[in-house]
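Below is one structure; the comments refer to it alone.
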Amino acid sequence: MNAPFEGKVISKVAAISRFTELADYIIPFTIRAVSELKVADTLQAGPRHVSEIAREVGANELALYRAMLALASKGIFAERERGVFEQTELSVLLATDDPMSLRDGYRLLHADIKAWSRFDYSLRTGRASFDIVHDQGYWDFCSTHLDYSRMFDNAMAAFTKLEYRAILAAYDMSQCRTIVDIGGGNGKLLSLLLHSLPNARGILFDQPHVVDKARPVFEAQGVADRCEIVGGSFFDQVPAGGDLYIIKRIIYDWDDAQAAQILGNVASVMAKNGRVAVVDPVLTAGNASDPGTTYSRIYDLLMLAMVSGHARSEEESRALFARAGLRLTRVVPTMLFPIVEGVKAG
Numbered sequence: 000m001n002a003p004f005e006g007k008v009i010s011k012v013a014a015i016s017r018f019t020e021l022a023d024y025i026i027p028f029t030i031r032a033v034s035e036l037k038v039a040d041t042l043q044a045g046p047r048h049v050s051e052i053a054r055e056v057g058a059n060e061l062a063l064y065r066a067m068l069a070l071a072s073k074g075i076f077a078e079r080e081r082g083v084f085e086q087t088e089l090s091v092l093l094a095t096d097d098p099m100s101l102r103d104g105y106r107l108l109h110a111d112i113k114a115w116s117r118f119d120y121s122l123r124t125g126r127a128s129f130d131i132v133h134d135q136g137y138w139d140f141c142s143t144h145l146d147y148s149r150m151f152d153n154a155m156a157a158f159t160k161l162e163y164r165a166i167l168a169a170y171d172m173s174q175c176r177t178i179v180d181i182g183g184g185n186g187k188l189l190s191l192l193l194h195s196l197p198n199a200r201g202i203l204f205d206q207p208h209v210v211d212k213a214r215p216v217f218e219a220q221g222v223a224d225r226c227e228i229v230g231g232s233f234f235d236q237v238p239a240g241g242d243l244y245i246i247k248r249i250i251y252d253w254d255d256a257q258a259a260q261i262l263g264n265v266a267s268v269m270a271k272n273g274r275v276a277v278v279d280p281v282l283t284a285g286n287a288s289d290p291g292t293t294y295s296r297i298y299d300l301l302m303l304a305m306v307s308g309h310a311r312s313e314e315e316s317r318a319l320f321a322r323a324g325l326r327l328t329r330v331v332p333t334m335l336f337p338i339v340e341g342v343k344a345g
């Protein structure tokens, strides 16, 4: 084989290997299955044989061995000697008690998986594939399937631990007196913020069936006495008087008219010198592959599949803010999603 031809073959093989890795669904589903079984929890005290692990989690020993062996090729678990596995920097993130645990974020959400199986519908129509496979919209599904809703809330809370650090590192909240978290789920983000801001009080706002799970979250952080929990719809009205309104991963769920209604309701009740901080993907053109850009683009597709939502560019966000009676003041980059900040127009 001559050198130029050999070089082309090697390059093509590398491209095929990379493409196979990117297009693979086997490893992602295997990660979710071992997360569901809490396999990583069994290794927190040290290496163990797969027979012991299988017994503890209720798995077939040979099947589990094959799964862990495949994951070990990706750096998730490591086989120390035949059949004996130990944690790695990646697998420890799937342990329930790890401070940065992502286990709840990578469980098997069967309703989502079913929706992704028809993502071709979303690409053809621009509408959520979730709606056609479940015969109802995402939020209606959550309100009628409470077990799924809890899993969704826990998944959001898992990623919130990362987002909290990204937000606090990039955005000064030291002078805030009242922080209102709009669509704040079970209160994970607000509880972490209040724990870091001892002079602030908070108001958690979300649908009643969502916020009724928040009290233990605030108590665990020792901030329950500084937080009010309010149930309702942000399409109707939101709590008044906050000097900082955080809206994390909400606006990209909705079309422009609905998003403007949410932001308009905030603008109408926020303090005179208040701010709104929308933590959302911001789309940019081009081939950038930095974590923030990649994260934004991936979650833009998630919104398309689940709720027909979409991320916006800075220019689109500026127009949306203006429609809601707000003026976009800046876009603050973070390690994850950026913060789109606004104040009352005029």
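Going by numbering that gives the first Met the number 0, the sequence shown opens with residue 0, and the numbers climb by one from there.
The beta carbon of each residue, even a glycine, is placed where N, CA and C say it ideally should be.
For V91, there is no enclosing alpha helix (DSSP H), since its DSSP letter is neither H nor E.
Looking at the DSSP output, F204 sits in a beta bridge with I181 and V229. DSSP places K343 outside any alpha helix (DSSP H); the residue lies instead in the beta strand (DSSP E), whose first and last residues are I338 to K343. Unbroken beta strand (DSSP E) runs of no fewer than 3 residues, entirely contained in the region 65-89, are found at 77-80 and 83-85, following chain order. No residue range can be given for L282, since it is assigned to no beta strand (DSSP E) and is classified by DSSP as neither H nor E. In the structure shown, A323 falls within a coil segment according to DSSP collapsed to helix, strand and coil.
Apart from the 5 residues on each side of it in sequence, M172 sits with its Cβ closer than 8 Å to the Cβ of I178, L192, L196, A199 and L243 in its chain, given in chain order. Under the DSSP assignment, K247 falls in the beta strand (DSSP E) whose first and last residues are L243 to K247. When the five nearest sequence neighbours on each side are left out, the beta carbons in the same chain lying within less than 6 Å of the beta carbon of S121 are those of S128, L303 and A304, in order along the chain.
Leaving aside the five residues that flank A53 on each side, the residues in its chain whose CB is nearer than 7 Å to its CB run, in chain order, N59, E60 and L63. Just so you know, the alpha carbons of K37 and N264 end up roughly 42 Å apart. Out of M99, G45, Q135 and R329, the CA that lies nearest to the CA of F158 is found in M99.
Proximity to D139 across Y163, N153 and A110 peaks at A110, based on C-alpha coordinates. Of all alpha-carbon atoms in H309, N286, E35 and E314, the one lying nearest the alpha-carbon of Y105 is that of E35. Around the beta carbon of V49, 16 or more other beta carbons sit within 10 angstroms, so the residue counts as buried. With a cut-off of 8 Å on Cβ pairs, the region 325-340 is in contact with the region 264-278, counting three or more such pairs.
DSSP, reduced to helix, strand and coil, places T328 within a strand of the structure shown. L189 sits close to C226, with the two beta carbons spaced by under 8 Å. Distance from L335 to R311 at the Cβ level is roughly 17 Å; contact not present, criterion being Cβ atoms closer than 8 Å.
Shown here for V56: same chain residues with a beta carbon closer than 7 Å to its own, the five before and five after excluded, namely L36, K37, V38 and T41 in chain order. Taking the Cα positions, R149 is about 22 Å away from G201. Per DSSP, A114 is not a residue of any beta strand (DSSP E); the alpha helix (DSSP H) it occupies stretches across H109 to W115. By the 16-neighbour rule on beta-carbons within 10 angstroms, K247 is buried. The region 283-300 makes no contact with the region 208-219; the number of CB pairs closer than 8 Å stays below 3. Pairing V210 with G182 gives a Cβ-Cβ distance that is not under 8 Å. For the region 265-318, the full-length beta strand (DSSP E) segments reaching 3 residues or more read 274-278 along the chain.
The beta carbon of K73 is closer than 7 Å to those of I26 in its chain, skipping five residues each way along the sequence.
For S128, the enclosing alpha helix (DSSP H) has its first and last residue at S128 to H133. Rounded to the nearest whole angstrom, the C-alpha separation of H309 and Q236 is 23 Å. Beyond the five residues adjoining it in sequence on each side, Y298 comes within less than 6 Å, by CB distance, of P280 in the same chain, given in chain order.
Remark: C-beta atoms of A266 and G324 approach each other more closely than 8 Å.
The beta carbons of A256 and I250 sit about 12 Å from each other, so the pair does not count as a contact at 8 Å.
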